[in-house]
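*Asks:*
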Amino acid sequence: GKPMLRQGDTGDWIGTFLGHKGAVWGATLNRDATKAATAAADFTAKVWDAVTGDELITLAHKHIVKSVDFTEDSNNLLTGGQDKVLRIYDMNKPEAEPWEISGHTSAIKKALWYNNDNQILSASDDKTVRLWDRVSMTEVKTLQFGVSVSSMEYIPEGEALLITYGRTIALYNALSLNLIKSFEAPAPINSASLHPDKECIVAGGDDFKLYKYDFTTGEELGGFYCFLFY
């Protein structure tokens, strides 16, 4: 896997991070975009200098890593993956043993810092999204779904949580975790994201189509088909 850094508004290529020996499942930048972190099938998470592209830290795991997320101050890195365990690494002492949180019964797809880094949200193939307390490392709340959660996005500015599962795109209140609204897509959805202006949601799924929905009404605004070339 070769994760790439691209310009957000144009898509222009900036650079490629070389070092993983397996597919890259997750990637993130820290708040000031000076560091990047990646999660991969080679049983590692890596931290990179986002300016030079140099590999800074390699964190060995027991199985495939699916998700990485920095705290706001970049002092800690959260990881989650195939071994069902959430890990918190101290970036000032990366060689130290991480804190571990267990509870999921299947692979973790996404893990995010939440509520000013005081809590953690995790989405898993066990058909749950779970909220954890960072200090006590105990489960605070669980959202149950009929199928596995395919993606999860936290929008702190709007205090919202966007979750996809099956053909459903659902918006939750980030404080109460109560459902605000949901709507169905024509095909199973793999990922969705809220536009920064909060006017629309884009989503992509199994039918090779990119959907665009009105954020307020849920009305489909248009779709774009994607093609694979070999």
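Per the UniProt record's numbering: the sequence shown = residues 1 to 230.
Heads up, the beta-carbon is just placed ideally off N, CA and C, and yes, glycines get one too.
#1: When the distance is taken between beta carbons, is E55 closer than 8 Å to K46?
#2: Determine the direct distance from the alpha carbon of P94 to that of L59, and round the result to whole angstroms.
#3: Going by beta carbon distance, what residues of the same chain come within less than 6 Å of Q82, once the five residues before and after it are set aside?
#4: Does the Cβ of P3 have 16 or more other Cβ atoms within 10 Å, making it buried, or fewer, making it exposed?
#5: Taking a contact to mean a Cβ-Cβ separation below 8 Å, would you say W99 touches Q119 in this structure?
#6: At the level of alpha carbons, what is the spacing between V149 and S191?
#7: What residues are listed by DSSP as bridge partners for Q82?
#8: Can you round the beta-carbon distance between E153 and L162 to whole angstroms, since I take them to be within the 8 Å contact cut?
#9: Just the C-alpha distance for S67 and T217, rounded to the nearest angstrom, thanks.
#10: With a threshold of 7 Å on Cβ separation, who are the neighbours of T34 within its own chain once the five nearest residues in sequence on each side are excluded?
#11: Report the residue from D206, A123 and N178 whose alpha carbon sits nearest the alpha carbon of H104.
#12: Taking the Cβ atom as the reference point for each residue, do A185 and Y172 lie within a distance shorter than 8 Å?
#13: Check for me: the beta strand (DSSP E) holding S150 runs from which residue to which?
#14: DSSP on Q144, reduced to helix/strand/coil?
#15: Which complete beta strand (DSSP E) runs does the segment 19-79 hold, if anything under 3 residues is left out?
#16: Let me know the beta strand (DSSP E) ranges lying completely inside the segment 160-192, each 3 residues or longer, listed in chain order.
#17: Between which residues of its own chain and Y165 is the CB-CB distance below 7 Å, once the five residues before and five after are set aside?
#18: Using only the alpha-carbon positions, how far apart do V140 and R130 sit?
#19: What is the residue span of the beta strand (DSSP E) that G205 lies within?
*Replies:* Well, looking at it:
#1: Note that the C-beta distance between K46 and E55 is below 8 Å.
#2: 8 Å
#3: Within its own chain, the residues whose Cβ lies closer than 6 Å to the Cβ of Q82, once the five positions on either side in sequence are excluded, are H63, I64 and A107, listed in chain order.
#4: buried
#5: Judged by their CB atoms, W99 and Q119 are not nearer to each other than the 8 Å cut-off.
#6: When rounded, the distance between both Cα atoms is 10 Å.
#7: DSSP lists no bridge partner for Q82.
#8: 4 Å
#9: 31 Å
#10: If we look at T34 and ignore the five residues flanking it on each side, its Cβ neighbours are A50 and V51.
#11: A123
#12: no
#13: V149 to I155
#14: Three-state DSSP puts Q144 in a strand.
#15: 24-29, 35-40, 44-49, 55-60 and 65-70
#16: Look at the segment 160-192 and you find these whole runs of beta strand (DSSP E), each 3 residues long or longer: 160-165, 168-173 and 179-184.
#17: F145, V147, S148, V149 and S150
#18: 8 Å
#19: C200 to G205
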